[in-house]
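>
There are 2 protein chains.
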Amino acid sequence: MGTPATGHARILDEAAGDLLFRAARTADSFTGEPVTEEQVQAVYDLVKWGPTAFNAQPLRLLQVRSAQARERLVAHMAEGNKAKTATAPLALIVTADADFHEHLPVMFPNKPGIRESMEADPARERIARHNATIQLGYLIVGIRAAGLAAGPMAGFDAEGLKKEFLGDTGQEVIAVVNVGRPGPDSFRPRNPRLEYDQAVRTV
Amino acid sequence: MGTPATGHARILDEAAGDLLFRAARTADSFTGEPVTEEQVQAVYDLVKWGPTAFNAQPLRLLQVRSAQARERLVAHMAEGNKAKTATAPLALIVTADADFHEHLPVMFPNKPGIRESMEADPARERIARHNATIQLGYLIVGIRAAGLAAGPMAGFDAEGLKKEFLGDTGQEVIAVVNVGRPGPDSFRPRNPRLEYDQAVRTV
């Protein structure tokens with residue numbers, strides 16, 4: 002694989018499309034098999050290449066691994082998310098870092114002074130959240146690419162989690178994602194998707 | 002490919018990881034080769050399977066195909082995005098539909114009454130934007146899966162675009178994405194990414 006060549010572009014094979022999208026499912030329970038730091042690094046080292054506006058890369062991940070940290074996390078999850086978050090092999094707190102601009106002199110040398118202009122930009126938090134959320138999409142795909150199941154959740158006390166784990170940083174929680182091998186009764190029946198004509202129009 | 006089996010999970014092969022992430026690049030110019038409606042449908046029919054909160058699926062796409070519509074789009078793009086948007090084989094206006102709840106009785110039958118509770122929920126627009134933005138991540142991956150290059154852009158007049166193309170709907174523009182085969186001088190030198198230890202911590 003090098004630069005895609007006009008007219009000869011490779012297309013993703015069907016088994017890979019199944020793995021990432023068609024056969025992949027959100028997991029509600031997990032086996033006890035651990036998720037290693039090496040697996041998380043492999044996921045990150047794949048999805049870090051996904052594009053963001055001016056290469057801002059505001060996504061940050063906090064791996065919740067210790068028993069004590071897991072308890073602190075579960076306390077801030079919505080009732081229906083507590084049991085699965087307590088038993089998943091790994092839980093990731095996914096955040097958007099509004100201080101992403103500190104890295105721009107290295108990450109986006111194309112535009113000298115962008116660190117300073119972004120520091121003063123009232124839209125900076127919104128830009129962080131928007132781009133980190135695009136990266137959350139890449140992350141879910143990347144977890145599946147590593148042969149793992151993702152259980153992304155939106156039901157939690159975001160302010161409580163921020164106080165508990167992020168303190169006085171520019172980070173805001175945008176999701177909590179359980180990661181592991183799906184357990185035997187992990188999947189609910191699959192719900193339908195909008196048809197092409199319901200979601201896509203042409204002008 | 003069926004349900005992932007514990008301990009025997011498939012992992013995405015290296016060529017596919019290159020296609021979607023490592024070798025894929027944001028395109029700044031394109032060849033004249035058209036992007037067909039069938040290709041867009043293949044992209045949609047892959048990425049529609051990506052998960053959203055209570056299967057909300059707020060992502061909507063407006064394919065800008067006619068010369069007249071393209072002119073109207075370009076008028077609302079930021080100066081630096083006009084030329085590439087004018088010449089890309091296809092431009093997609095990507096929106097978040099705050100009226101996604103109308104589909105929930107079919108899309109999420111698990112929770113009767115969710116259409117009504119969501120209709121009254123002041124967070125509905127935020128939920129639409131958050132989940133559509135996750136889906137934008139899937140979309141960029143899906144465009145690459147179809148052997149095409151994506152050129153996602155954030156520089157445009159969102160209010161102007163909404164008035165021009167979306168009128169009195171619940172849709173808000175979250176991105177404009179050019180799609181096509183990359184032209185010969187399409188790619189700028191690649192910028193670095195944050196190292197694992199800069200983006201990922203453990204507790």
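Residue numbers (this note's numbering), protein chains in the order written: chain W, 2 to 204; chain P, 2 to 204.
Every residue, glycine too, gets a C-beta built ideally from N, C-alpha and C.
#1: Give me the residue from P:F55, P:R194, P:Y139 and P:A68 with the minimum Cα distance to W:H104.
#2: If the cut is a Cβ gap below 9 angstroms, which residues of chain W does P:Q136 touch?
#3: Are any of the Cβ atoms in chain P nearer than 8 angstroms to that of W:H104?
#4: Output the distance between the C-alpha atoms of W:E15 and W:K85, rounded to the nearest integer angstrom.
#5: What whole-angstrom Cβ distance do P:P153 and W:P52 have, given they're in contact under 8 angstroms?
#6: Against chain W, with Cβ distances strictly below 8 angstroms, would P:G205 count as a contact?
#7: Checking the sheet assignment: what are the DSSP bridge partners for W:I175?
#8: Mapping the DSSP letters down to three states, classify W:D221 as helix, strand or coil.
#9: Tell me the rounded alpha-carbon separation between W:R11 and P:L20.
#10: To the nearest angstrom, how far is it from the Cα of P:P190 to the Cα of W:N56?
#11: Could you work out which residues of chain P lie near W:A129, taking near to mean beta carbons separated by less than 8 angstroms?
#12: So for W:G8, helix, strand or coil by DSSP?
#13: Could you pull out every residue in the same chain whose Cβ sits closer than 6 angstroms to the Cβ of W:T27, ignoring the five residues on either side in sequence?
#14: Between which two residues does the beta strand (DSSP E) containing W:L167 stretch?
#15: With a cut-off of 8 angstroms, does the C-beta of W:M78 fall near any C-beta of chain P?
#16: Decide yes or no for the touch test of the segment 162-181 of chain W against the segment 89-108 of chain W: beta carbon pairs closer than 8 angstroms, at least 3 of them.
#17: For W:N56 and chain P, any beta-carbon pair shorter than 8 angstroms?
#18: What's the call for W:G81, buried or exposed, on a 16-neighbour Cβ count within 10 Å?
#19: Can you tell me whether DSSP reads P:A99 as helix, strand or coil?
#20: Could you list which residues in chain P have their beta carbon closer than 8 angstroms to that of W:T27, in chain order?
#21: Taking buried to mean at least 16 other C-beta atoms within 10 Å of its own C-beta, is P:G184 buried or exposed?
#22: Can you name the residues of chain P whose CB is closer than 9 angstroms to the CB of W:M108?
#23: Could you check the C-alpha separation between P:K163 and P:A146 for me, to the nearest Å?
#24: Are the beta-carbon atoms of P:M1 and P:G181 separated by less than 8 angstroms?
#25: What residues from chain W crowd round P:Q42, counting only those whose CB sits closer than 8 angstroms?
#26: Could you give the first and the last residue of the continuous alpha helix (DSSP H) run that contains W:M119?
#27: Excluding the 5 residues flanking P:L167 on each side, which residues of the same chain have their C-beta closer than 6 angstroms to its C-beta?
#28: Under 8 angstroms between the Cβ atoms of W:V36 and W:L149?
#29: In chain W, which residues lie less than 8 angstroms from P:Q64 when you measure between Cβ atoms?
#30: Hey, W:R73 and W:E165: beta-carbon distance below 8 angstroms or not?
#31: Taking CB distances under 8 angstroms as the criterion, tell me whether W:F157 reaches chain P.
#32: Which residue wins for smallest C-alpha separation from P:N179, given the options P:R116, P:I141, P:K112 and P:I135?
#33: Could you tell me whether any Cβ in chain P is nearer than 8 angstroms to the Cβ of W:R60?
#34: Report the CB separation of W:A92 from W:V65 in whole angstroms; it is logged as a contact under 8 angstroms.
#35: In the DSSP assignment, find the unbroken alpha helix (DSSP H) run with P:V65 in it and report its ends.
#36: Is there a Cβ of chain P sitting closer than 8 angstroms to that of W:A70, yes or no?
Reading off the structure:
#1: Taking only the C-alpha atoms, the option nearest W:H104 is P:R194.
#2: Ordered by position in chain W, the residues that pass the 9 angstroms Cβ test against P:Q136 are G138.
#3: Answer yes: the Cβ-Cβ gap between W:H104 and chain P drops below 8 angstroms somewhere.
#4: Answer to the nearest angstrom: the Cα atoms are 31 angstroms apart.
#5: About 6 angstroms separates the CB atoms of P:P153 and W:P52; that is less than 8 angstroms, so the two are in contact.
#6: One cannot answer for residue 205 of chain P here, as it falls past the ends of chain P, which runs 2 to 204.
#7: Beta-bridge partners assigned by DSSP to W:I175: none are found.
#8: The requested residue 221 of chain W does not occur in the structure, where chain W is confined to residues 2 to 204.
#9: One C-alpha to the other measures close to 8 angstroms.
#10: Cα to Cα, P:P190 sits roughly 12 angstroms from W:N56.
#11: Those do not exist, as W:A129 stays about 12 angstroms from chain P at its closest Cβ, beyond 8 angstroms.
#12: Caution applies to W:G8, whose pLDDT of 44 falls short of 50 and renders its modelled position unreliable; the model cannot decide the point.
#13: Excluding five sequence positions before and after W:T27, the CB atoms of its chain that fall closer than 6 angstroms to its own CB belong to G152, given in chain order.
#14: That residue, W:L167, is in no beta strand (DSSP E); it is neither H nor E in DSSP.
#15: Chain P has no Cβ within less than 8 angstroms of the Cβ of W:M78.
#16: Because the criterion of three Cβ pairs below 8 angstroms is met, the segment 162-181 of chain W and the segment 89-108 of chain W touch.
#17: Interface residue, yes.
#18: Exposed, since its Cβ has fewer than 16 Cβ neighbours within 10 Å.
#19: Here P:A99 sits in coil by DSSP.
#20: Against W:T27, the close residues of chain P are P52, in the order they occur along the chain (beta-carbon pairs closer than 8 angstroms).
#21: P:G184 is buried by the Cβ-count criterion.
#22: For W:M108, the residues of chain P that pass the 9 angstroms Cβ criterion are N192, P193, R194 and L195, in the order they occur in the chain.
#23: Distance from the CA atom of P:K163 to the CA atom of P:A146, rounded to whole angstroms, is 29 angstroms.
#24: With chain P represented from 2 up to 204, any question about residue 1 of chain P goes unanswered, as that position is not in the structure.
#25: Residues of chain W passing the Cβ test: Y197 and V201.
#26: First-last of the alpha helix (DSSP H) with W:M119: I115 to E120.
#27: Closer than 6 angstroms at the Cβ level, and outside the excluded window around P:L167, lies no residue.
#28: A contact, by the Cβ cut-off of 8 angstroms.
#29: Neighbours of P:Q64 on chain W, chain order: V201, R202, T203 and V204.
#30: Yes.
#31: Answer no: the Cβ-Cβ gap between W:F157 and chain P never drops below 8 angstroms.
#32: Ranking the options by Cα distance to P:N179, first place goes to P:I141.
#33: Looking at the sequence shown, residue 60 of chain W is not Arg but Leu. Yes, its Cβ sits closer than 8 angstroms to a Cβ of chain P.
#34: About 4 angstroms separates the two Cβ atoms, so the contact holds.
#35: Segment L60 to V65 is the beta strand (DSSP E) holding P:V65; no alpha helix (DSSP H) there.
#36: Output row for W:A70: interface = yes.
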